[in-house]
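The sequence shown lines up with residues 47 to 193 when you count with my numbering.
As structure tokens, the structure follows; a few thoughts come after it.
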Amino acid sequence: MAEIERTKCTNNIIGIPAGDPAGIGPEIVVKALSDQGIYKLCRPLVYGDKYIFEEIRRVLSQNVTFNIVEKPGDGVYTHGIIDIIQPEGKAEEKTAFGKVSAAAGRASYRYIKAAAEAAMHREIAAVATTPINKEAIKAAGIDFIGH
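Written out as structure tokens, the structure is:
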């Protein structure tokens, strides 16, 4: 790993990995970010794949839009718009809600890794995690024990 510059983070961007796309994580994110008060406290930035959130928006009948950004500084951080970074790597095929799968495990690991790296490089101030499924991550062949 490259040497990380140890400087103070000067923003209030909170990175939120989406969690297991077949689990409750994406739903928690959409419901939490529907609270306008969150945006008075911080600038939430989700790490995930847009298609997951489009499905959650449909299921929950939420009136929210998504803004795909390349880096944390590109977000609009406005209530009603969820800023999303889609981490590098293959966006996995759609996974069935409530089903353990290697695809969901790979996806949730990508989200966590991208958010953690952004925090270590001081691009975001902190990471607020959502639920993952360790069984799905294990099914993906990833040696990872959790957050």
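Glycine included, C-beta positions come from ideal geometry on N, C-alpha and C.
Below 8 Å between beta carbons: does that hold for residue i and residue j?
i, j, result
"A182", "A150", "yes"
"P133", "I98", "no"
"P118", "E169", "yes"
"A185", "A148", "yes"
"G71", "A78", "no"
Please go through the same chain and pick out, in chain order, the residues whose beta-carbon is closer than 6 Å to the beta-carbon of residue i, but skip the five residues on each side of it.
i, result
"V122", "N113"
"T88", "For clarity, residue 88 is Cys in the given sequence; the question names Thr instead. Excluding positions up to five away in sequence, the list reads N58, I60."
Between which two residues does the alpha helix (DSSP H) harbouring residue i extend?
i, result
"G144", "It is not in any alpha helix (DSSP H) - G144 carries neither H nor E in the DSSP assignment."
"I158", "148-166"
Check residue i in the structure and name its three-state DSSP category.
i, result
"L79", "coil"
"R89", "strand"
"F112", "strand"
"N179", "coil"
"A174", "coil"
"G71", "helix"
"K117", "coil"
"T124", "coil"
"I191", "coil"
"I50", "Only weak support is given to the placement of I50: the predicted model assigns it a pLDDT of 49, under 50, and the value that follows is read from those uncertain coordinates. Looking at I50 - three-state DSSP - the assignment turns out to be coil, as it is neither helix nor strand."
"A185", "helix"
So residue i packs on residue j, CB below 8 Å; how close in whole Å?
i, j, result
"P177", "G69", "6 Å"
"I130", "V115", "7 Å"
"V110", "S80", "7 Å"
"T124", "Y85", "7 Å"
In terms of residues, what are the limits of the beta strand (DSSP E) holding residue i?
i, result
"I98", "First-last for I98: 96-106, but that is the alpha helix (DSSP H), not the beta strand (DSSP E)."
"G61", "59-63"
"I131", "127-131"
Keeping to the same chain, check which residues put their C-beta closer than 8 Å to that of residue i; ignore five residues upstream and five downstream.
i, result
"G126", "N109, V110, T111"
"V76", "F99, I102, R103, L106, Q108, V110, I128"
So, for residue i: in the same chain, excluding its five sequence neighbours on each side, which residues have a beta-carbon less than 7 Å away from its beta-carbon?
i, result
"A165", "G61, A172, V173"
"I74", "T176"
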